[in-house]
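Worksheet: the structure to be examined is printed underneath.
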Amino acid sequence: MRLPTDPAGLTAANPFAGHLGFEIVRAGPTEVVVEAVIKPEHCTAGETAHGGFLMALADFTGAAGAVMVLPKDAGGTTTIESKTNMIGAPKVGARLRATSTPVHVGRRTSVWSTRIETESGKLISLTSQTQLVL
């Protein structure tokens, strides 16, 4: 089964992303942009975004990019490695923008770099992930 490559289809194919309120702004083979607003249920102590929420946002954004570059005969993609550096601590109500770009696109894997920033451009986290072609 080929995954959808349109923004609405990508979100629909991933109910967890929809549950977290991820909104695809742009999706293509060279850049994917996803936005999300931090809600109280996405937070840890001090009303700051939980690291797991930030990692989920980065993972979804990079995986959406990997879908954009899948070979026609591929069955999908899955994350096989991910590393996140947490740099900032955004508060409830902040709108975040995740931007993912390819570092490497090969036959069996692709590697994506994702920056999560606030609307004002403050860096919140930086993630590198490897996606396996299924």
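At position 22 of the sequence shown the residue is numbered 26 (the working numbering), and the sequence of numbers has no breaks. Positions of the beta carbon are idealized from the N, C-alpha and C atoms, including for glycine.
Arg30 versus Arg101 - alpha carbon distance: For the purposes of this step, residue 30 is identified with residue 26 of the sequence shown, where counting begins at 1. For the purposes of this step, residue 101 is identified with residue 97 of the sequence shown, where counting begins at 1. Each residue's alpha carbon lies about 11 Å from the other.
9 Å Cβ cutoff met for Ala78 and Leu138: Within the sequence shown, the letter at position 74 stands for residue 78. Within the sequence shown, the letter at position 134 stands for residue 138. The answer is yes: Cβ separation under 9 Å.
Phe26 versus Ala49: straight-line alpha-carbon distance, rounded: By 1-based counting over the sequence shown, the position of residue 26 is 22. By 1-based counting over the sequence shown, the position of residue 49 is 45. Each residue's alpha carbon lies about 22 Å from the other.
Member of Ser124, Ser104 and Arg111 whose CA lies at the smallest distance from the CA of Thr34: Here residue 34 is taken as the residue at index 30 of the sequence shown, counted from 1. Checked all of Ser124, Ser104 and Arg111; the closest Cα to Thr34 is Ser104.
Three-state class that DSSP yields for Met5 in the structure shown: Numbered from 1 along the sequence shown, position 1 holds the residue referred to as residue 5. Residue placement at Met5 is poorly supported in this model, since its pLDDT is 43, which falls under 50; the coordinates still yield a value, given next. Correct three-state label for Met5: coil.
For Val96 and Val115, the rounded distance between their alpha carbons: Walking along the sequence shown from the start, residue 115 turns up at place 111. Walking along the sequence shown from the start, residue 96 turns up at place 92. Straight-line Cα distance between these residues: approximately 30 Å.
Supposed close pair Thr88, Ser129 - CB separation, criterion 8 Å: On the sequence shown, position 84 is the one that residue 88 refers to. On the sequence shown, position 125 is the one that residue 129 refers to. Confirmed, Cβ separation roughly 6 Å.
Within 9 Å, strictly: CB atoms of Leu61 and Ala40: Counting from 1 along the sequence shown, the entry for residue 61 is found at position 57. Counting from 1 along the sequence shown, the entry for residue 40 is found at position 36. Result yes, Cβ atoms of Leu61 and Ala40 sit closer than 9 Å.
Cα-Cα separation, Phe64 to Val73: Here the question's residue 64 lines up with position 60 in the sequence shown. Here the question's residue 73 lines up with position 69 in the sequence shown. The straight-line gap from Cα to Cα measures roughly 15 Å.
Check whether Ala93 and Glu123 have beta carbons under 9 Å apart: As a first step, residue 93 must be located in the sequence shown, where it is residue number 89. As a first step, residue 123 must be located in the sequence shown, where it is residue number 119. Against a cut-off of 9 Å, the Cβ pair of Glu123 and Ala93 comes out as no contact.
Coil, strand or helix - Pro106 by DSSP: To locate residue 106, count along the sequence shown from 1; it is residue 102. In the structure shown, Pro106 sits in a strand (DSSP, three-state: E or B).
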